[in-house]
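Asker: Have a look at this one.
Protein chains: 2
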Amino acid sequence: MPPLVLTMGEPAGIGGELAFAAWSRRAAGVPCFALLDDPARLEALARHLGQNMQIKPIASLADAPAVWNKALPVLAVPLAGPVVPGIPAAVNAGAVIRSIERAVELVSSGAASAVVTNPIQKQVLIEAGFRHPGHTEFLAELAGPGTVPVMMLTCPGLRVVPITIHQSLKSAIAELSIDKIVTAARITAAALIRDFGIKRPILAISGLNPHAGEGGAFGREEIDIIAPAIEQLRREGLAIEGPLPADTMFHVRARQRYDAALCMYHDQALIPIKTIDFERGVNVTLGLPFVRSSPDHGTALNIAGTGKASPESLIAALMIADQMARTRAAAPR
Amino acid sequence: MPPLVLTMGEPAGIGGELAFAAWSRRAAGVPCFALLDDPARLEALARHLGQNMQIKPIASLADAPAVWNKALPVLAVPLAGPVVPGIPAAVNAGAVIRSIERAVELVSSGAASAVVTNPIQKQVLIEAGFRHPGHTEFLAELAGPGTVPVMMLTCPGLRVVPITIHQSLKSAIAELSIDKIVTAARITAAALIRDFGIKRPILAISGLNPHAGEGGAFGREEIDIIAPAIEQLRREGLAIEGPLPADTMFHVRARQRYDAALCMYHDQALIPIKTIDFERGVNVTLGLPFVRSSPDHGTALNIAGTGKASPESLIAALMIADQMARTRAAAPR
Numbered sequence: 001m002p003p004l005v006l007t008m009g010e011p012a013g014i015g016g017e018l019a020f021a022a023w024s025r026r027a028a029g030v031p032c033f034a035l036l037d038d039p040a041r042l043e044a045l046a047r048h049l050g051q052n053m054q055i056k057p058i059a060s061l062a063d064a065p066a067v068w069n070k071a072l073p074v075l076a077v078p079l080a081g082p083v084v085p086g087i088p089a090a091v092n093a094g095a096v097i098r099s100i101e102r103a104v105e106l107v108s109s110g111a112a113s114a115v116v117t118n119p120i121q122k123q124v125l126i127e128a129g130f131r132h133p134g135h136t137e138f139l140a141e142l143a144g145p146g147t148v149p150v151m152m153l154t155c156p157g158l159r160v161v162p163i164t165i166h167q168s169l170k171s172a173i174a175e176l177s178i179d180k181i182v183t184a185a186r187i188t189a190a191a192l193i194r195d196f197g198i199k200r201p202i203l204a205i206s207g208l209n210p211h212a213g214e215g216g217a218f219g220r221e222e223i224d225i226i227a228p229a230i231e232q233l234r235r236e237g238l239a240i241e242g243p244l245p246a247d248t249m250f251h252v253r254a255r256q257r258y259d260a261a262l263c264m265y266h267d268q269a270l271i272p273i274k275t276i277d278f279e280r281g282v283n284v285t286l287g288l289p290f291v292r293s294s295p296d297h298g299t300a301l302n303i304a305g306t307g308k309a310s311p312e313s314l315i316a317a318l319m320i321a322d323q324m325a326r327t328r329a330a331a332p333r
Numbered sequence: 001m002p003p004l005v006l007t008m009g010e011p012a013g014i015g016g017e018l019a020f021a022a023w024s025r026r027a028a029g030v031p032c033f034a035l036l037d038d039p040a041r042l043e044a045l046a047r048h049l050g051q052n053m054q055i056k057p058i059a060s061l062a063d064a065p066a067v068w069n070k071a072l073p074v075l076a077v078p079l080a081g082p083v084v085p086g087i088p089a090a091v092n093a094g095a096v097i098r099s100i101e102r103a104v105e106l107v108s109s110g111a112a113s114a115v116v117t118n119p120i121q122k123q124v125l126i127e128a129g130f131r132h133p134g135h136t137e138f139l140a141e142l143a144g145p146g147t148v149p150v151m152m153l154t155c156p157g158l159r160v161v162p163i164t165i166h167q168s169l170k171s172a173i174a175e176l177s178i179d180k181i182v183t184a185a186r187i188t189a190a191a192l193i194r195d196f197g198i199k200r201p202i203l204a205i206s207g208l209n210p211h212a213g214e215g216g217a218f219g220r221e222e223i224d225i226i227a228p229a230i231e232q233l234r235r236e237g238l239a240i241e242g243p244l245p246a247d248t249m250f251h252v253r254a255r256q257r258y259d260a261a262l263c264m265y266h267d268q269a270l271i272p273i274k275t276i277d278f279e280r281g282v283n284v285t286l287g288l289p290f291v292r293s294s295p296d297h298g299t300a301l302n303i304a305g306t307g308k309a310s311p312e313s314l315i316a317a318l319m320i321a322d323q324m325a326r327t328r329a330a331a332p333r
């Protein structure tokens, strides 16, 4: 398998130090990756942290495995200005974006097996001219027209897919539709088969209202939107449970009855996964032509440069991306 | 301390067999309670289950402790018709209601230390003329005018209070108000002091929207409703954290930072508690002049009469009610 690529993310954030921590755990099974970043700023960060990191610029991603045991392989993406941990600078936005673009080029050409992205600070990119709704949407655009990305969050024992994400709860309810549910379910089922090796995935679809609406007593979205979407998906041959009351879907026995839970809004999906496993949640983007994962946290500017940030989520993201890429590569065409 | 009283609940449901199971665990510290039920139907249920239960009708609740070690004490509430497990009958609705009324009389007079209620089947009571929105509202009416009941769910390590409960998510958002939050928070804080012995309780108040609205980007309820409610509560001297993003409030470290979480809607409160501890959740009604708890499940008609239902939640409800009553009794007036 080719190596993974890990993007720089916001250089004033915790991405660099997390990459160091992940590389340091290579003996524990962290898969080989190359970091798309500025070698000089990484050297400075290692000195700042007082860490004896070996950082090795490489000319080609193919050189990463030979370097891996002795040093962190880095494909150079030069920064335009200095990095102060905790203080993002618009001058470096171009490099942040180039790191993402280069990652997509490498995975699209087959040189990389998957892309893992460090968190970005969207606001500073927007100040520098970034015109995409977010990180994932930018990746989808780079992947090509017609790409519909679907966010899945995963931790040991649970996978969740929110149908609506970063919008007010009121607007999430207003915009809920049969089409949104059907599209997300199809993409999720296809990815569970191709990238997770589950032959016949079972999807659990939540209700929107308390007790899944209790037959219309507490809202009609289950009757008018969710149940018709489930009917359509079943006609297409998918195995679907639902609409299920969201509060009883996520305890340990309930989780064993499905492979992924589709939820109607952000917190319905994120409350259970972050409650169960706050440190090891991973964000996986389904529906892209390549494998992409990222840690399920932000840039953590308040602790950047201190070495205190937990690398667990990034390590889990690297391991899941590697496993997904292997499953996809092994699947019959 | 006087004994607890446990209501019959729906006799065709699992309440009777759970009471047997709880009494059977008396050596493990289940506090003394009397069941308000029909002794003949309990004898029949024990035979049906093949259980060698000792059932002892008592004339006065004060007799319960003397009976407790040898038999389940029962204060007779005669049923009007036969009981078929799994099939509620309107003919018995009167007895279900009388059991609740008698429990409130006993706790109001001081003969009982607290009320624990078995689950009812609301629909069959409504058919028989019950005109209250629910079990808790009926208890509040029996308690007297001006009583505002607040539902709290508790399991080891977490207490949650939903500000809105059994209504559509859309209507819950529309009806969210500063007053609702302030009232629930005051009642919760007072109960944590009086019934849980927490000198200076810390309340965590959730946001409504993803990331607690992210400064207005994902909805304005945090700015227009929740933050002003928090300001008012702080002016009254309460210790409040929030508005907090709901998805990061409930992991094990986050839970240690507060004594109870106030949530904006049903699933925001119930997803975390049922995910963490599905079996031992207990429903506690705050704001009543007496202590009341109930198991956090329904009548389970589908398994009633089989002996399969888990008594864990009822046992936890009995133990919490006993502990709350002791704390309240020990508090300086």
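If you read the protein sequences in the order shown, they are chains A and B.
To convert, note that position 193 of the first sequence is 193 in our numbering; the numbers rise steadily by one, no gaps.
To convert, note that position 41 of the second sequence is 41 in our numbering; the numbers rise steadily by one, no gaps.
From the three backbone atoms N, C-alpha and C, an ideal C-beta is built for every residue, glycine too.
Because the structure is a prediction, the values reported are computed rather than measured.
1) Which residues in chain A sit within 7 Å of N209 of chain B, going by Cβ to Cβ distance?
2) Can you tell me where the alpha helix (DSSP H) holding E231 of chain A begins and where it ends?
3) Classify G152 of chain A as helix, strand or coil using the three-state DSSP reduction.
4) Over the uninterrupted beta strand (DSSP E) stretch that includes G110 of chain A, give me the two end residues.
5) Check the Cβ-Cβ distances between G13 of chain B and every residue of chain A, and say whether any is below 8 Å.
6) Let me make sure I understand the geometry here. Which of B:F196, B:R26, B:G86 and B:A40 has the alpha-carbon closest to that of P78 of chain B?
7) For a test of the three-state rule: what should DSSP assign to K180 of chain A, helix, strand or coil?
8) Note down, in chain order, every chain A residue with its Cβ under 7 Å from the Cβ of D247 of chain B.
9) State the CB to CB distance for the pair A269 of chain A and P201 of chain A, rounded to an integer number of angstroms; the pair is presumed to be in contact (CB under 8 Å).
10) Could you check where the beta strand (DSSP E) with L61 of chain A kicks off and where it finishes?
11) Might you give, ordered along the chain, the residues of its own chain that have their beta carbon closer than 8 Å to the beta carbon of G94 of chain A, omitting 5 neighbours on each side?
12) Going by beta carbon distance, what residues of the same chain come within less than 6 Å of W23 of chain A, once the five residues before and after it are set aside?
13) Suppose the cutoff is 7 Å on Cβ atoms and the five residues either side in sequence are ignored; what does the same chain contact list for Q54 of chain B look like?
14) Thinking L244 of chain B and A217 of chain B are a contact (beta carbons under 8 Å), I'd like their distance in whole angstroms, please.
15) Threshold first: 3 residues or longer. Then list the beta strand (DSSP E) segments lying entirely within the region 246-272 of chain A, N to C.
16) Interface residues of chain B around F250 of chain A at Cβ under 8 Å?
17) When we look at the beta-carbon of E340 of chain B and count the other beta-carbons within 10 Å, is it buried (16 or more) or exposed?
18) For P210 of chain B, count neighbouring Cβ atoms within 10 angstroms of its own Cβ and tell me buried if that reaches 16, exposed if not.
19) Within 10 angstroms of the Cβ of S294 of chain B, are there 16 or more other Cβ atoms? Answer buried if so, exposed if not.
20) Since H251 of chain B contacts K274 of chain A with CB under 8 Å, what's their CB separation in whole angstroms?
21) Grab me the residues of P57 of chain A's own chain with a C-beta within less than 7 Å of its C-beta, minus the 5 sequence neighbours each way, in chain order.
22) Hey, would you say T299 of chain A sits closer than 8 Å to I14 of chain A, going by beta carbons?
23) Which residue wins for smallest C-alpha separation from C32 of chain B, given the options B:A12, B:A64, B:G50 and B:H48?
24) Compare the beta carbon distance of P85 of chain A and A12 of chain A with 8 Å and say whether it is the shorter of the two.
25) Whose C-beta lies closer than 8 Å to the C-beta of V182 of chain A among residues of the same chain, with five residues either side of it excluded?
26) Can you say whether N302 of chain A is buried or exposed, counting buried as having 16 or more other CB atoms within 10 angstroms of its CB?
27) Anything in chain A within Cβ reach of I173 of chain B, meaning under 7 Å, just list it in chain order.
28) Tell me, to the nearest whole angstrom, how far the beta carbon of A143 of chain A is from that of P289 of chain A; I am working on the premise that it is less than 8 Å.
29) Quick one: what does DSSP say V291 of chain A is sitting in, helix, strand or coil?
30) When burial is assigned at 16 or more other CB atoms within 10 Å of the CB, is Q121 of chain A buried or exposed?
31) Which two residues bound the contiguous alpha helix (DSSP H) that contains S327 of chain B?
32) Does chain A have any CB closer than 8 Å to the CB of F278 of chain B?
33) Distance check for T136 of chain A and G146 of chain A, CA to CA, integer angstroms please.
34) Name, in chain order, the residues that DSSP records as bridge partners for D37 of chain A.
35) Please confirm whether F218 of chain A has its beta-carbon closer than 8 Å to some beta-carbon of chain B.
36) Confirm, please, whether the CB-CB distance from L203 of chain A to A227 of chain A is below 8 Å.
Answerer: The structure says:
1) Reading the second sequence from its first residue, position 209 is the one you call residue 209 of chain B. Within 7 Å Cβ-Cβ: S168 and L169.
2) In the first sequence, residue 231 of chain A corresponds to position 231, counting from 1. That run of the alpha helix (DSSP H) goes A227 to R235.
3) By one-based count along the first sequence, residue 152 of chain A stands at place 152. Sequence check: residue 152 of chain A is Met here, not Gly. In this structure, M152 of chain A counts as strand in the three-state DSSP scheme.
4) Here residue 110 of chain A refers to the residue found at position 110 when the first sequence is read from its first residue. No beta strand (DSSP E) contains G110 of chain A, which DSSP labels as neither H nor E.
5) Indexing the second sequence from 1 puts residue 13 of chain B at position 13. Contacts with chain A at 8 Å (Cβ-Cβ) do not include G13 of chain B.
6) Walking along the second sequence from the start, residue 78 of chain B turns up at place 78. Checking every option, the nearest Cα to that of P78 of chain B belongs to B:A40.
7) By one-based count along the first sequence, residue 180 of chain A stands at place 180. Looking at K180 of chain A - three-state DSSP - the assignment turns out to be helix.
8) In the second sequence, residue 247 of chain B corresponds to position 247, counting from 1. What D247 of chain B touches in chain A: D267, L270, I271 and K274.
9) On the first sequence, residue 269 of chain A is found 269 positions in, with the first residue counted as 1. On the first sequence, residue 201 of chain A is found 201 positions in, with the first residue counted as 1. Not quite, the Cβ-Cβ distance comes to about 17 Å (not below 8 Å), so this is no contact.
10) Start at 1 with the first residue of the first sequence, and residue 61 of chain A comes out as number 61. Neither: L61 of chain A is in no beta strand (DSSP E) and is coded neither H nor E.
11) Counted from its first residue, the first sequence places residue 94 of chain A at position 94. Answer for G94 of chain A: A80 and A128, listed in chain order.
12) For the purposes of this step, residue 23 of chain A is taken as residue 23 along the first sequence, with counting starting at 1. Hits under 6 Å: L72.
13) The sequence position of residue 54 of chain B within the second sequence is 54, counting from 1. Contacts found: K70, A71 and L72.
14) Here residue 244 of chain B corresponds to residue number 244 of the second sequence, with the count starting at 1. Here residue 217 of chain B corresponds to residue number 217 of the second sequence, with the count starting at 1. No, L244 of chain B and A217 of chain B are not in contact; Cβ-Cβ is about 17 Å, not under 8 Å.
15) 260-263
16) For the purposes of this step, residue 250 of chain A is taken as residue 250 along the first sequence, with counting starting at 1. Simply I271, K274 and T275.
17) The structure shown has nothing for residue 340 of chain B, since chain B only spans 1 to 333.
18) Taking the first residue of the second sequence as position 1, residue 210 of chain B is located at position 210. So P210 of chain B counts as buried.
19) Taking the first residue of the second sequence as 1, we reach residue 294 of chain B at position 294. Answer is buried; the Cβ neighbour count reaches 16.
20) What you label residue 251 of chain B is simply residue 251 of the second sequence in a count that begins at 1. What you label residue 274 of chain A is simply residue 274 of the first sequence in a count that begins at 1. With 8 Å as the limit, H251 of chain B and K274 of chain A qualify as a contact, their Cβ atoms being about 6 Å apart.
21) The sequence position of residue 57 of chain A within the first sequence is 57, counting from 1. Counting only Cβ-Cβ distances below 7 Å, and skipping sequence neighbours, we find P39, V74 and A76.
22) Stepping through the first sequence from its first residue, residue 299 of chain A is reached at position 299. Stepping through the first sequence from its first residue, residue 14 of chain A is reached at position 14. Closer than 8 Å, so yes.
23) Against the second sequence, residue 32 of chain B aligns to sequence position 32. Comparing Cα-Cα distances from C32 of chain B to each of B:A12, B:A64, B:G50 and B:H48, the minimum goes to B:A64.
24) Counting from 1 along the first sequence, the entry for residue 85 of chain A is found at position 85. Counting from 1 along the first sequence, the entry for residue 12 of chain A is found at position 12. In contact: P85 of chain A and A12 of chain A (Cβ atoms closer than 8 Å).
25) Counting from 1 along the first sequence, the entry for residue 182 of chain A is found at position 182. A229, Q232 and L233.
26) One-based indexing of the first sequence puts residue 302 of chain A at position 302. Burial call: exposed.
27) Reading the second sequence from its first residue, position 173 is the one you call residue 173 of chain B. Within 7 Å Cβ-Cβ: L169 and K170.
28) Within the first sequence, the letter at position 143 stands for residue 143 of chain A. Within the first sequence, the letter at position 289 stands for residue 289 of chain A. Sure, about 5 Å apart at Cβ, within 8 Å.
29) Taking the first sequence and counting its residues from 1, the one referred to as residue 291 of chain A is at position 291. V291 of chain A falls in the coil class under three-state DSSP.
30) Residue 121 of chain A sits at position 121 when you count from the first residue of the first sequence. It is buried - the Cβ of Q121 of chain A has at least 16 other Cβ atoms within 10 Å.
31) To locate residue 327 of chain B, count along the second sequence from 1; it is residue 327. The amino acid occupying residue 327 of chain B in the given sequence is Thr; Ser does not appear at that position. Run containing T327 of chain B: E312 to A330, per the alpha helix (DSSP H) assignment.
32) What you label residue 278 of chain B is simply residue 278 of the second sequence in a count that begins at 1. Chain A, which has a Cβ nearer than 8 Å to the Cβ of F278 of chain B, makes this yes.
33) Along the first sequence, one-based indexing puts residue 146 of chain A at 146. Along the first sequence, one-based indexing puts residue 136 of chain A at 136. Annotation: G146 of chain A to T136 of chain A spans about 14 Å, alpha carbon to alpha carbon.
34) Taking the first sequence and counting its residues from 1, the one referred to as residue 37 of chain A is at position 37. Partner(s): A:A76.
35) On the first sequence, position 218 is the one that residue 218 of chain A refers to. At least one chain B Cβ lies under 8 Å of F218 of chain A.
36) Residue 227 of chain A sits at position 227 when you count from the first residue of the first sequence. Residue 203 of chain A sits at position 203 when you count from the first residue of the first sequence. For A227 of chain A and L203 of chain A, no; Cβs fall outside 8 Å.
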